[in-house]
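Residue numbers (the numbering used here): 225 to 352.
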């Protein structure tokens, strides 16, 4: 897969997340996906995302920066949302916060196999 095709695949994955169309997740995420060193598998990865949307009902993934270098993607995702309770151990409780996530993906078989992500928690803390 070339760089442009991989970037398009990633954008379609983000659109799937934003629609919360979980039946299509398997088109983008490998059955044996690993997130930050934890083997979650597709079902665990889906459960993690579903929990994110329960905790942040207005969650939307916005691509601020995207670099495609097959078989990897690097992205900076921007969020502007209102978590309903505690988020990352912080008492957000329905206040609007803006923050970014820096995330790297490694693809295999045209699906996400590895994810490494870091959320800018300090930015959230500064807003509270």
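Where a beta carbon is used, it is the ideal one built from N, C-alpha and C, also for glycine.
These numbers were taken from a predicted model, which means no experiment stands behind them.
Item: As assigned by DSSP and simplified to three states, the class of residue 315; Value: strand
Item: DSSP-derived helix/strand/coil call for residue 249; Value: helix
Item: Nearest to residue 340 (by Cα), restricted to the options 264, 333 and 350; Value: 264
Item: Touch test, the stretch 296-308 against the stretch 275-286, Cβ-Cβ under 8 Å, three pairs minimum; Value: yes
Item: Helix, strand or coil at residue 289 according to DSSP, with G and I counted as helix; Value: strand
Item: C-alpha distance - residue 245 paired with residue 237, whole-angstrom precision; Value: 10 Å
Item: Residue span of the alpha helix (DSSP H) that contains residue 268, given as start and end; Value: 265-279
Item: Spatially closest choice to residue 327 from 259, 227, 312 and 248, by CA coordinates; Value: 259
Item: Own chain, CB closer than 7 Å to residue 343, minus 5 neighbours either side, in chain order; Value: 312, 323 and 325
Item: Closest Cα partner of residue 349 within the set 298, 251 and 314; Value: 314
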